[in-house]
Structure formats: C-alpha cells, structure tokens
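Structure first, then comments.
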Amino acid sequence: MISRKLLGFENLLSYTSMDKDTNGDGVVDGWVAIPDAKAETEYLLDDSAQIINILSTSDIVIPAIESTEFIPVLEKQSYTLSVYLKKDITDGIPSLVIRWFRSDKVEIGVFSRQVTADLAFDRVSATSTAPAGAVFCKVQIVLQCLPEMTGTLWCKSAQFQQGAQTTEYEAVDFFSILNPAETYLTGWQKGTSSKVEGLYSFESPKVSPLMSTNVGCKIRFNTPANSDTVTVTVWVDASRVTSADKLYIWEGYALKATIIGGSPAGFISFPVARGYCGLIFQHLRKSSSNGNGISIDSITISWTEATLNTIALPQSQVVKYLDFEGEPDNYFKVLNKSPGYTYGFSRKVEQRYSGLFSFGVEDLDNDGPAGIDDAGDPRTIPDSQSAGALISFEVPLTAILPKLKFHVLHDAQDKDIGKVSLNGEVIWLGTSGEGWEVVETELAPGRAYELLVEYIKDSNEAEKTDSIYIDDIIVYYNLPQKPFLVIGTAAETVIRTGPTKTVEYTEGFSGAINPYFTMVNPSKLQSGGGPSRYPEAGWVRSSSIFYKDGFSMRAKYESAKTGYDLAMDIIIRVPNGVSSARFEWWNYVDLKRAKTPARGEKYPKLYEEYRIWVNGSIWREFNYASPSLTSSQNLKSQGWACPWGRWWKEVVSLTPGKVYTFSFELQMPSSNSTGYVKGQNHCAIDELRMSWVEKPGDIVTTPPQPLIYLDGRDGMRAIQPVTGIDAPPITFDEYEVHGQKGSVYQSTKVEPRNAELGVRVEASDRLALRGKIQELTNQLIGKPLTLIYQLPEGEQRQLLCRYSQGFEGEESRGNYNGLMKRLSLIFRAFQPMWLGDWKSTSAGISTPNNRAAVTVENMGVSEVWPLIKIYGPGATPQVRLTDSGGKVLGSFSLNYTLSSGRYILVDSRPGQKLVQLDDGTSIYSSLSSSNNELFSIPQGTYGVDVTFSSSTDSNTKLTVDLQPTYWGGF
17 MISRKLLGFE NLLSYTSMDK DTNGDGVVDG WVAIPDAKAE TEYLLDDSAQ
67 IINILSTSDI VIPAIESTEF IPVLEKQSYT LSVYLKKDIT DGIPSLVIRW
117 FRSDKVEIGV FSRQVTADLA FDRVSATSTA PAGAVFCKVQ IVLQCLPEMT
167 GTLWCKSAQF QQGAQTTEYE AVDFFSILNP AETYLTGWQK GTSSKVEGLY
217 SFESPKVSPL MSTNVGCKIR FNTPANSDTV TVTVWVDASR VTSADKLYIW
267 EGYALKATII GGSPAGFISF PVARGYCGLI FQHLRKSSSN GNGISIDSIT
317 ISWTEATLNT IALPQSQVVK YLDFEGEPDN YFKVLNKSPG YTYGFSRKVE
367 QRYSGLFSFG VEDLDNDGPA GIDDAGDPRT IPDSQSAGAL ISFEVPLTAI
417 LPKLKFHVLH DAQDKDIGKV SLNGEVIWLG TSGEGWEVVE TELAPGRAYE
467 LLVEYIKDSN EAEKTDSIYI DDIIVYYNLP QKPFLVIGTA AETVIRTGPT
517 KTVEYTEGFS GAINPYFTMV NPSKLQSGGG PSRYPEAGWV RSSSIFYKDG
567 FSMRAKYESA KTGYDLAMDI IIRVPNGVSS ARFEWWNYVD LKRAKTPARG
617 EKYPKLYEEY RIWVNGSIWR EFNYASPSLT SSQNLKSQGW ACPWGRWWKE
667 VVSLTPGKVY TFSFELQMPS SNSTGYVKGQ NHCAIDELRM SWVEKPGDIV
717 TTPPQPLIYL DGRDGMRAIQ PVTGIDAPPI TFDEYEVHGQ KGSVYQSTKV
767 EPRNAELGVR VEASDRLALR GKIQELTNQL IGKPLTLIYQ LPEGEQRQLL
817 CRYSQGFEGE ESRGNYNGLM KRLSLIFRAF QPMWLGDWKS TSAGISTPNN
867 RAAVTVENMG VSEVWPLIKI YGPGATPQVR LTDSGGKVLG SFSLNYTLSS
917 GRYILVDSRP GQKLVQLDDG TSIYSSLSSS NNELFSIPQG TYGVDVTFSS
967 STDSNTKLTV DLQPTYWGGF
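Shown next as structure tokens:
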C-alpha cells in the first residue's frame, strides 16, 4: 500500500485532514461543533474522520461543524468547498455551507448547498461567488435530520479553494511552510506564471534583470514511524530563467537536487528519510540573471507501509533484549548522553533493523532558530563534535558461555567516524555503505560491561541521515541447572583512609609466584577438547621465550599429543569498593599456522589454537594469526586473530567484588595439518599486572577465594546430609512464675549454628584419592572460611565459619572404596546469619536546603548496621533515618565543620562503632550529647538524609553502605 500527501498551493484551509483531536473534545483540530438544541448529538473522531452522530431529535435539526479560522477571500471571485462524506442515516441530508464576512468580521451572506452521501466515502463539492465587500469566510458541514431520526455522518479531507474547479485534494496540515526560510531575507510567493493544475503554484519573486539574489523557503513534513521508501516528487519549471540561475533543494546541509536555469518544466524525485524532513528551496541568481522566477508545484510525499523486520532470539536460558521499541529491560542501564560528551543519542525512526525504532545520534536544532539545521535535518551535530551514549549491563558470575550481539549501521559520509567500544575496546568501526552489520562477541562471567556508542562528525558535508544507529542489543547465556555450594577463604574488609592510591600486583615468573596470584597447573577447566574433560597437561616456567626478566609461563608443548588440551589457571580476587580494576598481561604465539589466508579470509589459519577463558567461559579464541599484526583483532563471526612471532598485550577491565579465574589453553588439533608454517612451538604469557584504585572512604572487601567447588567439577560433590544451612537455632530467655503453668517469654536469641555438608570425593586411583583428602585438610583446618551458596541466577550468599569436624578418617563400607570417599564435614558459624553483597547508595547536595537524601532498601530478613560517609564541605551535619511517611526513626548529629575534599565515616556496626575522618582521626567526641543514636536500618525501604547548617557546595554528598543478612543460603 502506497500513501501519499499532496501540496499544490490551492487549498486555503489550514486544518484539512480532519484526523486529529488534540484536546479530546470529540471535534477535530481546526473545527468547532455547532450543535442543535433540539437534537442529542455526539461528536467523535473515528476511522480518521469526524463523526456527527445523531442520537435523538424532537424536530427538524441542523447540527454542524465549522472551521475556526477566518479564511481570506477576494470579493466577486468564485470559491469551491469540497469534502469526502459518507452517511448511515436514511433521511439525513448533508449540506456544504460558506459564510461570508466583511473586514470587521460581520457576516454579510450565507451560501448553502445540499449534497448526496452514501455508505462509502465519496467526494462532494459546492461552488459559490464571494459577494461584494467579502474579505473573509468560514465553512461548515451540516447534517439536516427529520424528527425522530438517528444516524451518523462521517467527514474527512476538506478543501476550500479559489475558482470553480475542484483539484486533487491537498493535505495542507501534513505540511508547514517557513517563508522565508531561516537565514534568507526574501521568500517565495503564490503565483500564476506556471502551474500543474488549478490557479496557483509557488514561485520565486521576479526581480530586475542582472540582479544577484538568493531567495529561499522551507517546506516541512513528518512521515509516520511505519513508513518506508519515502520519496519526494516535485514539479519544477525553470524554463523562464537563464542558465546563470540555479534551484538547489536542500535537506538541512544535505543537497538533494540541483536544477539548472533554462531546464524545461517537469517532475523530479528523490528519496528522504522517514520521520521529520525540512526541504529548503533556494533560487540562486547570478548577476547575469534575467530576473524571472522559478515555479514549483504539486509537491507529493509518498511512502509504502514498512514490513517490519523481526529477529530470531537466541535459544539460551537467559536472553536480555534491548530493542528501543518501548521501556527498556531493567537489565540494561542506558545513558543517552555518555559522560564527557556534548551530544548524545535518542530513539530514532529514520533507520532501524527491526521494529519501528533504533538508537541514533540525537538531532538538535544546533544553530538556533535563525539557522537552517532544524532538529531532524542533516547535520545531526555540528562539525568536529562528537556524540556518545553508554549502555551498561552486568553478566552474573554463574553465566555459561555469555555473548553480546547487536546490529549497527553507519549512515553518514565516510569521513564521519562511527564506532562501538566494549569496556574501552573497539569492537566495531563503521564504514559508510555497508548497510546493517551484525556484531557478536564473547563476554566473561562476573564482569560489568559498558558499551560506548560514539559518532564523530568531520566536516560540514552531510550525507544520508548523518548518524550511526544501533539496534537489537542482546545479551544471552545459559545457567547452571541448580544451586551449588562452594567452600572458600574468608572475606577481608578494611576501610581505606589516607590519600588515593593505586594498588598493583605483578608477576614475571622469574622466581616464587606472587601470593596475590593463585596458580592452578594444570587447569581445572572443563573445556572438553581432549580425551578427558580436563586438560591433559599444563604449562611450565620457561626461559626459552620471555617478554622480560628471562622467564615466562608457556604451554608444555613437549607433552602434547593430537587433540590434547594444555591449560593452566590464574585466579585473582578483586576487592569490592575499589575502582578502575584491570588485569593485563603479555602473550606470545608462534604455533603451527597456514602459509597464506584462505579464500575469503583475512589472515592465515592458526591450526593449534590459543584460547583464553574467564570463569569457565571462552573470552578469546585465536584461530587466526599473522606476523603483520601487533595486537589481537576481532574478526566478528570468524573469531579472533593474534600476532604471530611477537608479543602482544591483552587488557581486561574487571568488576570489583568478584573472583576471576583466567584459564590459558593451547588446544592441539584433532588431526595433522599440511602446508603449514611452523615456529618454535611457543604459546606463552608473561608480565601479569593487576591494579586498582583505592580512594579515601572506600570499603575494600576482598571476596572469598573459592577453594572447593561442591558441584562435581573437581571430583567433589555435595551429597546428603546437608543440614544447618536454612536457619540457625533459636533459643529464648524466659522465666518461671511460681504456681503458674509454663514460663514467661522475655527475648529471642539467635544462636551460633553448625552447618553439616556431606561431600563425596572421587579420584582415578587410591593414591590420588588420598592426595585429594590431604589437600582438603590443608585448605580447611585451622583457617577462617566462607561457605558460599551460589544460585544459578548469579545471586550469592556467604556464611562465615570455621571447620569443626569430619576428617577423622572413617573408612567403613559404603563410605570408602579406594576410588571414592564420603565425608560429613561440619563447620561452626559463630555469626549465624548468611550475608549478601554490599549495597551502596549515594546522593549529592540539594543547594536550597543544604540537604542530601538517599533511599536505601534492606532486602534481608533482619536489621543491618550501615556504614555512612558524609563528604564535605558542610557544617554541623545531622543524619536521620525516616520511614516512608517521613517519621524520624533515628538520628545523630556532629559538632564538626567538614572542609571540601574530606569526609567523615560513621561505622554503626556493633563492636566496631567509630566516627572518624578520612585520615583515620577519631572524632567520636564530636557526637552530640543529646542526639547520638548510631541507628540500624530495619528490613524494608527507608530514607537516610543529612542536613548541614551551612557551607555546602556541589562536592557535598552522602553515601550509605549496607550488607543485608538472611536466615538461609537461599
């Protein structure tokens, strides 16, 4: 189906389509109801038409609608009113009415003519001559009904024009004309010199010969979001001017058409984007011009209704989808304008991969009301400026093989740069004319990601829609089938004081391994690439290849066989509360590769693949390598390419509060290759560097390092019995009353708990089994531990405990057979509640009342004791806890003036209560003697605010950190 809108400069009505009711009163815009007191009449908008619905009548009635505007007319000239009507009323007779007015808007005559209508829309018309003295008119559509009649009249597409001829209907209210256009002193005008039909066209004014002039008008319109293949067709007559004149048709800064003076009259067509469009018609005269004008007429906008594209979502357990059609999935956090950018992105209709909308460069009126760059016209942003949007999301630690996929389009000139970066790494660099491109890349479990979409405008040239677009962003992954338990080291929490500092750990393999890094060699990765599900060999410290200091770790190639996996793990813990955490290392590969790229491929095939895994999911799979590369390259659907025969660095930004296992794997091919280049069989890493930034006030919690996964991955699995993990024992304080039954309750006490875990340990032989048991005892006995209950969705609970018993050595039948041993391990939790993740909430100051306020949510089952940080400047801070109704539940104040750049830390936890400055100086004595309750936060949602007596500015803020507690591990 093709839709079209016409502008022929004949229709004198401003509101012609009769398809909008902005104020909802039942009468379309630009018209007013004229009811009849003897009839019950209903006015409605339906089926893109005005409805006059007669519900009952008591006499002959004539309800009507009338145009609200006074239309300028010329006396003694003919005028024609036309409209499309249909009716469903037997004895109802529609009429077309023209009311004539003098210059003072006093009525001087009325013309009325009855017309016929049926059950289908048909165009009817009536012609009248304006009487002497007529300066204005109004038009009416009337429905005359007999008594006791009911029925309906529909009206749409009205036209009022000079002359007795009824020309093709013009949807005037689809267009708007700015005349003259911005930056032009002279515009165009209605004229009769040359036209397609009717009386008028639009023409540039005639001037004296040999004058150089520049006149322009702008015609604006909007096509709907579901339009496709939008085409502008316009009739142009430039035959009356010389070749020194030119007609330029611009869409903002984009030139759409050029007509040379002297060209014969005819139609031209060109495409425009859907949505808003503003076309500037510029008649440029040189000094040799003959002064005549150029005429335009019969401007038609046509489009087809788009067949909306749909996408097939991945068949994964978890699929998160951002398509920009409605409210975004809460999984994604979208910043339309990324920090550091002057311009941003917004939902757009001009281009899309699926549905109606995508995400493109926000188009603003960048040069103000006097300029030509309307919002919606190319250019989108000024020259040499950039626009950026940030889309963030987090992949849970339990995700299996997570991936990111999206579609992206570069729809601007080649010199404009469009790119998409993931955590600072460019994963798409746009090229004009490539159409929609699909980008898919692996993600790492447990990482937070920031997807930066960036457009950099080069020169003032504008092509296409002057934007890049991204659509259909999908994050997908699988999850474990059920929850599992992990035994780990104890978490460590410190509160940072003193100056900001960068913490750094390095490892160059020249001596003993830095204790920060935990090496598991061979790896426990279950990649499934070799004869067994675990690697067949590990890596080895080597001096045969190194980046620095004489040593590296390389795959033990000499132990490799066809189809073998050679892998090792490096485990690192990133504390919660730090920032700018990143892990980097150097890599080297000179393994067996093809001599040249295969047809259709950019780089030679790497037959012995180097893979990097993060938390059990593949992050980089290098299946191509080239000596010409100096860094790794994302080949999109073909995988990754790496340098061959030279060192290169990889950098990964990590999420605080997580434990990461990096697995470095050499995957040997399952069969021998032919026609290859062979190096020195090196696959190596060197110079590991882990760093993060700690700032004053950071609550730095180093997460537990998993020691034993009880899900079967290391030959250890949780079995029955598993007791004591749901709730701790409860006791009561009570007393007996002589002569009374029972006792009297006083209080409840939550006791320490024992958690008993049945563990099945398996090994390949008796010696390996005893080795595993010995390793377990060394890891668990006499050390602070954490039981971690890991839910498939990624949520984690922790129980602080110590080993109590279970390694006494029972080897009875059923519990031991040489290859398997059943253990019943008991752990004592002195603090019996399971702990959730730390939650942090902050807010800046509100200047009018020197107040900062946050909403905190305690999702646990009991009260929690918060850590509160108050950042200066500010004098005499007062902190309050309030409920949803504003009732104050607790408060404290400090008799202290805080300078800018400093903060006060208030730790309300029992046994750890303190009030101190960022340098560790105690100011506990500054607590008010009358207002000093270091409150806890009950279960639920509450407000915490701080007010100051004076001296605040934009640096003043409040931060509240809390760790919810739970009865059980789930």
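Under this note's numbering, the first residue of the sequence shown is numbered 17, with each subsequent residue one higher. We put the CB at the ideal spot given by N, CA and C, even for glycine. Nothing here was measured: the structure is a model prediction, and the numbers come from that model.
Between the alpha carbons of P461 and G810 lies a gap of roughly 9 Å.
Leaving aside the five residues that flank Q821 on each side, the residues in its chain whose CB is nearer than 8 Å to its CB run, in chain order, L841, I842. Listed as beta-bridge partners of V43 by DSSP are no residues whatsoever. D488 sits close to H423, with the two beta carbons spaced by under 8 Å. Contact check for A583 and L541: beta-carbon distance about 5 Å, within the 8 Å limit, so the pair qualifies.
Using a Cβ distance threshold of 8 Å, Q894 and S909 count as a contacting pair. Beta-carbon to beta-carbon, V667 and R589 are separated by about 18 Å, too far to satisfy the 8 Å threshold. For W854, the closest of F823, Q812, G404 by C-alpha to C-alpha distance is Q812.
Assignment of E450 by DSSP, reduced to helix, strand and coil, places it in the coil class.
DSSP, reduced to helix, strand and coil, places T793 within a helical segment of the structure shown. Rounded to the nearest whole angstrom, the CA to CA distance from G740 to F748 is 19 Å. Assigned with DSSP and collapsed to three states, K652 falls in helix. In this structure, the straight-line span from the alpha carbon of F340 to that of S966 is close to 44 Å.
In this chain, the beta strand (DSSP E) harbouring W664 covers 664-669. Taking the CA atoms as reference points, R549 sits about 14 Å from L682. Judged by DSSP secondary structure, R776 falls within the beta strand (DSSP E) whose first and last residues are 769-778.
By the 16-neighbour rule on beta-carbons within 10 angstroms, E710 is buried. Within the segment 857-933, the runs of beta strand (DSSP E) that reach at least 3 residues and sit entirely inside it are, in chain order, 867-874, 883-887, 894-898, 904-910, 919-923, 930-933. P800 counts as exposed, since fewer than 16 other C-beta atoms from the protein chains shown sit within 10 angstroms of its C-beta. Exposed is the label assigned to P745, since fewer than 16 other Cβ atoms lie within 10 Å of its Cβ.
Residue pairing from DSSP places N592 in a beta bridge opposite T717. Under the three-state reduction of DSSP output, E91 falls in the coil class, being neither helix nor strand. With 16 or more other CB atoms across the displayed protein chains lying within 10 angstroms of its CB, N27 is buried. Listed in chain order, the non-local C-beta contacts of E410 below 6 Å within the same chain comprise A464, local neighbours out to five positions each way being set aside. The residues E873, in chain order, have a CB closer than 6 Å to that of T957 in the same chain once the five nearest residues on each side in sequence are set aside.
In this structure, W663 sits near Y563, with a CB-CB distance shorter than 8 Å.
Annotation for Q806: T414, P499, F500, V502, Q812 place their beta carbon closer than 7 Å to its own, counting only its chain and skipping 5 residues before and after. Cβ neighbours of C161 within its own chain (closer than 6 Å, five residues either side excluded): I70, T73, V77, G108.
The C-beta distance from I124 to C153 rounds to 10 Å, too long to meet the 8 Å contact threshold. In this structure N866 is buried. Its beta-carbon is surrounded by 16 or more other beta-carbon atoms within 10 angstroms. Annotation for L60: the continuous beta strand (DSSP E) segment containing it runs 55-62. For a cut-off of 8 Å, the C-beta gap from D35 to V43 is around 12 Å, too long to register as a contact. Annotated three-state conformation of F190 is helix, per DSSP. For P659, the pairing in a beta bridge is given by DSSP as S642.
By the C-beta density criterion, E508 is exposed, having fewer than 16 other C-beta atoms within 10 angstroms. In terms of Cβ geometry, G167 and G203 do not form a close pair [threshold 8 Å].
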